[in-house]
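Report on the following structure.
Protein chains: 2
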Amino acid sequence: MNAIRTARERARAELTHEIKQEARRQLSEAGSAQLSLRAVARALGMASSAIYRYFPSRDELLTALILDAYNALGDAAEKADRPQAPPRERWMLVCAAVREWATAHPHEYALLYGTPVPGYEAPAETVDPGTRIIRRCAEILLAGQPLRRPFTGPLEPELDDQMRAVTEAAGLDLSPEDAARLLMVWSQLFGLVGFEVFGQFANSADPAGPLFRYATARMADFLGLR
Amino acid sequence: MNAIRTARERARAELTHEIKQEARRQLSEAGSAQLSLRAVARALGMASSAIYRYFPSRDELLTALILDAYNALGDAAEKADRPQAPPRERWMLVCAAVREWATAHPHEYALLYGTPVPGYEAPAETVDPGTRIIRRCAEILLAGQPLRRPFTGPLEPELDDQMRAVTEAAGLDLSPEDAARLLMVWSQLFGLVGFEVFGQFANSADPAGPLFRYATARMADFLGLR
DNA sequence: ACAAAAGCAAGAGCAGTGCTCTCTTTTCAG
DNA sequence: CTGAAAAGAGAGCACTGCTCTTGCTTTTGT
Numbered sequence: 000m001n002a003i004r005t006a007r008e009r010a011r012a013e014l015t016h017e018i019k020q021e022a023r024r025q026l027s028e029a030g031s032a033q034l035s036l037r038a039v040a041r042a043l044g045m046a047s048s049a050i051y052r053y054f055p056s057r058d059e060l061l062t063a064l065i066l067d068a069y070n071a072l073g074d075a076a077e078k079a080d081r082p083q084a085p086p087r088e089r090w091m092l093v094c095a096a097v098r099e100w101a102t103a104h105p106h107e108y109a110l111l112y113g114t115p116v117p118g119y120e121a122p123a124e125t126v127d128p129g130t131r132i133i134r135r136c137a138e139i140l141l142a143g144q145p146l147r148r149p150f151t152g153p154l155e156p157e158l159d160d161q162m163r164a165v166t167e168a169a170g171l172d173l174s175p176e177d178a179a180r181l182l183m184v185w186s187q188l189f190g191l192v193g194f195e196v197f198g199q200f201a202n203s204a205d206p207a208g209p210l211f212r213y214a215t216a217r218m219a220d221f222l223g224l225r
Numbered sequence: 000m001n002a003i004r005t006a007r008e009r010a011r012a013e014l015t016h017e018i019k020q021e022a023r024r025q026l027s028e029a030g031s032a033q034l035s036l037r038a039v040a041r042a043l044g045m046a047s048s049a050i051y052r053y054f055p056s057r058d059e060l061l062t063a064l065i066l067d068a069y070n071a072l073g074d075a076a077e078k079a080d081r082p083q084a085p086p087r088e089r090w091m092l093v094c095a096a097v098r099e100w101a102t103a104h105p106h107e108y109a110l111l112y113g114t115p116v117p118g119y120e121a122p123a124e125t126v127d128p129g130t131r132i133i134r135r136c137a138e139i140l141l142a143g144q145p146l147r148r149p150f151t152g153p154l155e156p157e158l159d160d161q162m163r164a165v166t167e168a169a170g171l172d173l174s175p176e177d178a179a180r181l182l183m184v185w186s187q188l189f190g191l192v193g194f195e196v197f198g199q200f201a202n203s204a205d206p207a208g209p210l211f212r213y214a215t216a217r218m219a220d221f222l223g224l225r
C-alpha cells in the first residue's frame, strides 16, 4: 500500500470512495440500469461534470463496483471457509456464504452474474477476483482427495484437453474429470443462487433455503466429498 | 384465432409485428439496455410518439419480447423432444435445444434469465410460458419412472412440504425428492447455459459444448434416467 | 519563495432518451 | 354520409452521458 501523501490525494481517495458508496446505495435501490452519474453527483452536492475527474465514464464506475463486488463476495466465501474442517463441511460453508452474500446484495450480484452490462466487456482486472470462488472450491476438492465419486462418465477428448490445460494453467493437481465436475458444480451453484435472487423459484421453492441446502449436499455427494 | 377483418386491424397487427421484429433486431445487436423506442420508430420511418399507440411504454415492449422469447425457447425445446425416445435421450435432446436457442439468441436469453429489467416485475402472462421447459422436463422424469437414483438424501420437512405443494399444483405424480432434484437440475441447466452465454467459461471450457454434453449426461445419471 | 504546471470544480451545451400533449388526418360504423 | 374512434406527426418536458471552456487551488521545480 502506498501511503497517501498530499492533502489532494487524500481528498481524492475519500471522494472516490464516497462516489462508489453512493453509487452502491443507488444500485441497491433500483439496479444498475437506473444508476445515474448525475444523480450520484446530486446526492454528493457536486456538479455532474466533476464526477468525470474520478471516473471517466459510467462504465468505469460500474467496473469499479464490479471489482469491489467480486472481492466482497470472495472475502465472504473465504471468511466462511474453515480450512481445518472436513472438505464436505467446507464446501457447504462456502456455498452458504455465496448464497448469503448474493441475497444480501442482489443488485451487486446481478452486476457480477447477471446480464453483462451493455457495450462493455470485462476488463482484465476483473478476471482474477472473479475466479476466487472457484479457486477456493478447487482447493476444497484437492483437500478431499481421494474423492468417492458415485458414478463416472467418459470425457470427450476435447473436454479432456481443455481440463488438462486449465488445471495446468491454474497449477492444480486435479484430474480432468474432477476439473469438469468442478466447473459443473460451480455453474450449478450460481445457477441456484441466480434463480433464487432473480425470483425464478417464486411459487415453487420459496423460500429457497431448504432446496439450497439439499442441492449443495447432493453436489457434495456428486463431487465425492466426505 | 380471430380473423382480422378490417384493414385497420390488419395494419395494426402487421405494424405491431414489425415493431417487435425491429426491436428484436436492435436487441440482438446491443442488448436490452440499448433498446430505444425512438430508434425503433426511426428505423420504421414513423414518429416516435406513434409507437406509443402500439406499446404504451418501453417496458411493455420488453414484456412482449419476453413473452415471445419464452415461447420461442419453449417451442425449440418441445420440438427437439421425441416423446417416444428413451427418457435419457429425451433429456439430452431438450437440454441441447435450450443451449442452442440460447447461444443463437443470447440477448433474448438474457432478457429471460439474466438480470430482471429495472423497475419491472414479471407480469402474470409471462409466468406460464416461463414454465414450459421445466414442465417438459417433469414429463420426461415421469416417463422415466421408476428412476435409478445413484444416491439419495433426506429432505428437510419444509422442502418436503414445498415439493408436495408444487407437484400437486402442477398435477404431477412426482415424489418430493424427484421434484427437488428436478428443480436442482433445472437451475443447473440454466446455470450452465447462462455461464456459457455470458462468457464465464471463457479461458476454461471454451467452447463449452463438450462440458455441456458431459454435464447433461451426469445430470441424467443424477436424475436416474436410463 | 515564486512562478509554472497540474489538478479540480462548475456551468453551459450537445445529442440522445422516455413519455405526454395537442393537433391533424385517416378509417370505420351506423 | 356523417360522427366517432383510431392513428400519425410534431413540439415540448425532464432526464441522461459526456465534452468543453473558464476560472480557481494545490502541488511542484527551480
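As they're listed, the protein sequences go chains U and H. Just so it is clear: in the first sequence, position 12 is 11 by numbering that gives the first Met the number 0, and no numbers are missing. Just so it is clear: in the second sequence, position 39 is 38 by numbering that gives the first Met the number 0, and no numbers are missing. Idealized CB from N, CA, C, for every residue including glycine.
What is the rounded straight-line gap between the Cα of residue i and the Cα of residue j?
i	j	result
R225(H)	T125(U)	42 Å
R81(U)	L188(H)	30 Å
E167(H)	R24(H)	41 Å
Q33(U)	A63(H)	21 Å
E107(H)	A38(U)	30 Å
G223(U)	G208(U)	23 Å
I133(H)	R57(H)	29 Å
E59(U)	L60(H)	29 Å
E195(H)	A201(H)	8 Å
H104(U)	D205(H)	29 Å
M91(U)	W100(H)	33 Å
D177(U)	E13(H)	53 Å
T130(H)	A137(H)	10 Å
A216(U)	V165(U)	26 Å
Q128(U)	K78(H)	Contrary to the premise, residue 128(U) reads as Pro rather than Gln in this sequence. For P128(U) and K78(H), the distance between alpha carbons rounds to 41 Å.
A46(U)	E17(U)	15 Å
F221(H)	D67(H)	32 Å
W185(U)	Q199(H)	11 Å
A96(U)	R180(U)	21 Å
R4(U)	K19(H)	57 Å
Hey, could you find the ends of the alpha helix (DSSP H) residue i is sitting in?
i	result
G113(H)	First-last for G113(H): undefined, no H or E at that position.
H16(H)	6 to 29
D74(H)	57 to 79
S174(U)	Segment: none, S174(U) is in no alpha helix (DSSP H) and carries neither H nor E.
L222(H)	208 to 222
G129(H)	123 to 129
M45(H)	Counting along the chain, M45(H) falls outside any alpha helix (DSSP H), and DSSP gives it neither H nor E.
R89(H)	86 to 103
Using a beta-carbon distance below 9 Å, is residue i in contact with chain U?
i	result
R11(H)	no
M183(H)	yes
P209(H)	yes
R37(H)	no
S31(H)	yes
G198(H)	yes
R217(H)	yes
L60(H)	no
A179(H)	yes
D220(H)	yes
Contact check, residue i vs residue j under 8 Å by CB: the rounded distance?
i	j	result
Y112(H)	G193(H)	6 Å
L171(U)	L210(U)	Contact doesn't hold; Cβ gap of about 30 Å is too wide.
A52(U)	V93(U)	In the sequence as displayed, the identity of residue 52(U) is Arg instead of Ala. Contact doesn't hold; Cβ gap of about 39 Å is too wide.
S31(U)	A109(U)	7 Å
G190(H)	L182(U)	At roughly 11 Å, the Cβ-Cβ gap does not stay under 8 Å, so G190(H) and L182(U) are not in contact.
L146(H)	Y213(U)	Their Cβ separation, rounded to whole angstroms, is 16 Å, which puts L146(H) and Y213(U) out of contact at 8 Å.
L43(U)	E21(U)	6 Å
R163(H)	P175(H)	6 Å
F197(U)	P149(H)	Rounded, the Cβ-Cβ distance is 30 Å, inconsistent with contact.
I139(H)	R89(H)	5 Å
Please decide whether residue i counts as near chain H, where near means a Cβ-Cβ distance under 9 Å.
i	result
T125(U)	no
N70(U)	no
A76(U)	no
G113(U)	yes
L173(U)	no
A204(U)	yes
L188(U)	yes
P55(U)	no
A40(U)	no
Y51(U)	no
D80(U)	no
R212(U)	yes
(Q) For the stretch 142 to 170 of chain H, list every residue whose C-beta sits within 7 Å of some C-beta in chain U, in sequence order. (A) P149, F150, G152, L154, E155, E157, L158, Q161, V165
Q) For the stretch 100 to 112 of chain H, which residues have a CB atom closer than 7 Å to at least one CB atom of chain U, in sequence order? A) A109
**Q.** Near-chain H residues of the stretch 86 to 101 of chain U (beta-carbon distance less than 8 Å), N- to C-terminal order
**A.** If you check each beta-carbon in the stretch 86 to 101 of chain U against every beta-carbon of chain H, none falls closer than 8 Å.
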